[in-house]
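Please read the structure below before turning to the comments.
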Amino acid sequence: MCSGETSVLNLLRKGNKELIKELNRSLVIDRVRLQGNISRTDLAKETGLGLSTITNIIDELIKENLVSEVGTGDSQGGRKPVLLKFNGDFGIIAGLKIEMQEVKMCLSNLEGKILHKQQFSYSHGEANKLAQVIIDKLECFIECNECASKLVGIGIATPGLVDRESNEVIYSPILKVDHGDLKPIGMYFDVPLMIDNDANVFALAEKWIGLGREYRNFIGVTVGAGVGSGIVIDNMLFRGDFGGAGELGHITIYQGDRLCYCGQRGCLELYASDSFLVNEAERMVSIGVPTLIKSYTPITPESIVMAAQNGDVYAQELLVKQGENLAIGIKNLVHLFNPEAIILGGEGLREGEFLLKGIKKELEVHFFIKHPRKLQFKTSQLGEDVWLIGACALVVSHLFKVPIYK
Ligand SMILES: [Zn+2]
48 MCSGETSVLN LLRKGNKELI KELNRSLVID RVRLQGNISR TDLAKETGLG LSTITNIIDE
108 LIKENLVSEV GTGDSQGGRK PVLLKFNGDF GIIAGLKIEM QEVKMCLSNL EGKILHKQQF
168 SYSHGEANKL AQVIIDKLEC FIECNECASK LVGIGIATPG LVDRESNEVI YSPILKVDHG
228 DLKPIGMYFD VPLMIDNDAN VFALAEKWIG LGREYRNFIG VTVGAGVGSG IVIDNMLFRG
288 DFGGAGELGH ITIYQGDRLC YCGQRGCLEL YASDSFLVNE AERMVSIGVP TLIKSYTPIT
348 PESIVMAAQN GDVYAQELLV KQGENLAIGI KNLVHLFNPE AIILGGEGLR EGEFLLKGIK
408 KELEVHFFIK HPRKLQFKTS QLGEDVWLIG ACALVVSHLF KVPIYK
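Numbering (my numbering), first residue to last: 48 to 453.
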């Protein structure tokens with residue numbers, strides 16, 4: 048009995064030797080990458096690995112040019128410690144954001160520093176062969192910037208439902224096109240291809256180099272043509288069973304009300320997205336409300352914001368209402384996940400003054416309000432590059448993920 052147990056244990060240990068080595072290596076790379084300027088001794092302390100293991104791993108990483116020595120730190124009594132830094136220029140990532148009739152592309156280093164950007168339009172006729180269109184444009188973009196030999200992966204952010212296992216866009220009503228299969232892009236360039244929905248990508252960008260770095264648990268909320276969210280729990284993006292978690296736009300806020308394109312009635316997106324603004328403004332104009340909005344043709348979300356900034360109370364109230372509606376959805380997330388922070392972003396934010404007023408007003412009351420630890424509400428500082436950064440983050444989190452989580 049005893050010897051049987053021992054042999055099984057030995058087998059397990061033997062079988063896992065390589066995995067343990069890989070785990071340790073990933074732990075070290077991740078710590079150097081995320082912390083920067085760290086000594087071998089501190090690495091040993093923080094990872095719990097022995098100093099000789101750390102030394103061996105670091106020697107290997109320096110040889111591979113993934114890590115370099117960058118001078119010395121302050122002495123704690125003995126010799127000054129040599130500090131180590133992750134070499135972010137070791138590889139190049141291509142990040143893409145697919146939008147309606149347009150694709151944005153970037154080339155970034157492994158630390159989220161965007162080196163080159165480009166965008167191109169595609170016609171309705173090209174939508175069915177989007178993978179080939181992207182391959183042609185991306186190849187040219189990469190070659191023009193002489194990055195082909197350093198390319199380590201491609202990340203794509205797209206609206207809609209993405210199956211994480213198959214790496215396929217299942218459904219994308221906003222694009223109103225069938226993407227077909229984007230996998231040929233990864234096969235053509237012979238690098239890992241990671242695809243995810245744009246709200247998840249937004250949250251990943253915030254976690255990587257944005258405000259999300261401060262929080263273990265936060266939710267990124269995006270507003271614009273659609274409404275979405277990316278949920279980060281214990282520093283990991285929560286994707287649900289197949290990648291559909293965080294579909295904030297399709298939670299029901301008014302049962303039995305307006306019909307959403309998803310087939311349900313009363314979805315939040317009908318009351319908090321750009322189309323809510325335009326539909327409501329058109330309705331106000333049609334019934335003769337004396338709003339400045341009527342002087343804009345066609346009515347767009349931008350023109351509504353402009354009217355509000357010019358003192359039009361009807362436009363202001365409409366934006367506040369949009370914010371209150373969005374906050375009802377946000378509160379549902381807060382009660383379900385008890386996050387430390389909500390980070391808001393997306394093209395629908397615009398100048399945001401009145402929308403934010405509505406959100407903050409509605410968020411003033413929730414079940415956790417009496418707890419001393421207060422919910423933080425922030426707006427993203429990453430600008431319109433957030434999607435491209437997040438697309439690159441998809442690749443980085445794939446490349447450097449500790450293998451046990453793969
Ligand atoms: Zn819906």
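In this text, a Cβ means the ideal position worked out from N, Cα and C, and glycines have one as well.
(1) If you check the beta carbons only, do Leu-366 and Leu-402 fall under 7 Å apart?
(2) Within this structure, are the beta carbons of Val-336 and Tyr-361 separated by less than 7 Å?
(3) Quick check: the Cα distance between Glu-116 and Leu-208, rounded to an integer number of angstroms?
(4) Residues in its own chain within less than 6 Å of His-297 by CB, not counting five upstream and five downstream?
(5) State the Cα-Cα distance for the pair Ile-104 and Phe-167, rounded to the nearest angstrom.
(6) Mind reading off the beta-carbon distance from Gly-138 to Lys-197? Whole number of angstroms is fine, and I expect it under 8 Å.
(7) Please state whether DSSP places Ile-451 in a helix, a strand or coil.
(8) Does the Cβ of Asp-228 have 16 or more other Cβ atoms within 10 Å, making it buried, or fewer, making it exposed?
(9) Using 8 Å as the threshold, is the stretch 177-193 in touch with the stretch 239-247, meaning 3 or more CB pairs across them?
(10) Using the Cβ count rule (16 or more neighbours within 10 Å means buried), how would you classify Ser-50?
(11) In the DSSP assignment, the alpha helix (DSSP H) including Lys-408 goes from what residue to what residue?
(12) Under 6 Å from any heavy atom of ligand 1, does the C-beta of Gln-302 make it?
(13) Return the chain-ordered list of same chain residues with a C-beta closer than 6 Å to the C-beta of Ser-350, the five sequence neighbours on each side being excluded.
(14) To the nearest angstrom, how far is the alpha carbon of Met-455 from that of His-382?
(15) Quick one: does the C-beta of His-297 sit closer than 6 Å to a heavy atom of ligand 1?
(16) Examine ligand 1 and report whether any of its heavy atoms sits within less than 6 Å of the Cβ of Cys-194.
(17) How far does the beta strand (DSSP E) with Val-117 in it extend, from its first residue to its last?
(18) According to DSSP, which residues form a beta bridge with His-163?
The answer reads as follows:
(1) Within the sequence shown, residue 366 is the residue found at index 319, counting from 1. Within the sequence shown, residue 402 is the residue found at index 355, counting from 1. Yes, the Cβ-Cβ distance between Leu-366 and Leu-402 is below 7 Å.
(2) Here residue 336 is taken as the residue at index 289 of the sequence shown, counted from 1. Here residue 361 is taken as the residue at index 314 of the sequence shown, counted from 1. Result yes, Cβ atoms of Val-336 and Tyr-361 sit closer than 7 Å.
(3) Along the sequence shown, read from residue 1 onward, the residue named residue 116 stands at position 69. Along the sequence shown, read from residue 1 onward, the residue named residue 208 stands at position 161. Straight-line Cα distance between these residues: approximately 43 Å.
(4) Numbered from 1 along the sequence shown, position 250 holds the residue referred to as residue 297. Excluding positions up to five away in sequence, the list reads Cys-309, Cys-314.
(5) Reading the sequence shown from its first residue, position 57 is the one you call residue 104. Reading the sequence shown from its first residue, position 120 is the one you call residue 167. Across the structure, Ile-104 and Phe-167 are spaced so that their CA atoms are roughly 43 Å apart.
(6) Here residue 138 corresponds to residue number 91 of the sequence shown, with the count starting at 1. Here residue 197 corresponds to residue number 150 of the sequence shown, with the count starting at 1. 5 Å between Cβ atoms; contact.
(7) Counting from one through the sequence shown, the residue named residue 451 turns up at place 404. Residue placement at Ile-451 is flagged as unreliable, the pLDDT there being 44, under the threshold of 50; a coordinate-derived value is accordingly withheld.
(8) Residue numbering aside, residue 228 sits at position 181 when the sequence shown is read from its first letter. Exposed, since its Cβ has fewer than 16 Cβ neighbours within 10 Å.
(9) no
(10) Within the sequence shown, the letter at position 3 stands for residue 50. At Ser-50, the pLDDT of 46 sits below 50, so the modelled position is not reliable and the matter cannot be decided from this model.
(11) Residue 408 sits at position 361 when you count from the first residue of the sequence shown. Element bounds for Lys-408: 400-410.
(12) Your numbering for residue 302 matches position 255 in the sequence shown. Flag unset: Cβ of Gln-302 not near ligand 1.
(13) Numbered from 1 along the sequence shown, position 303 holds the residue referred to as residue 350. Contacts found: Tyr-343.
(14) With the chain covering 48 to 453 only, the question about residue 455 has no answer from this structure.
(15) Position 250 of the sequence shown, counting from 1, holds the residue named residue 297. Within the cutoff, so yes.
(16) Walking along the sequence shown from the start, residue 194 turns up at place 147. Every heavy atom of ligand 1 is 6 Å or more from the Cβ of Cys-194, so no.
(17) For the purposes of this step, residue 117 is identified with residue 70 of the sequence shown, where counting begins at 1. Where Val-117 is concerned, the enclosing beta strand (DSSP E) stretches over 114-119.
(18) The residue you call residue 163 lines up with position 116 of the sequence shown. Looking at the DSSP assignment, His-163 forms a beta bridge with Leu-154.
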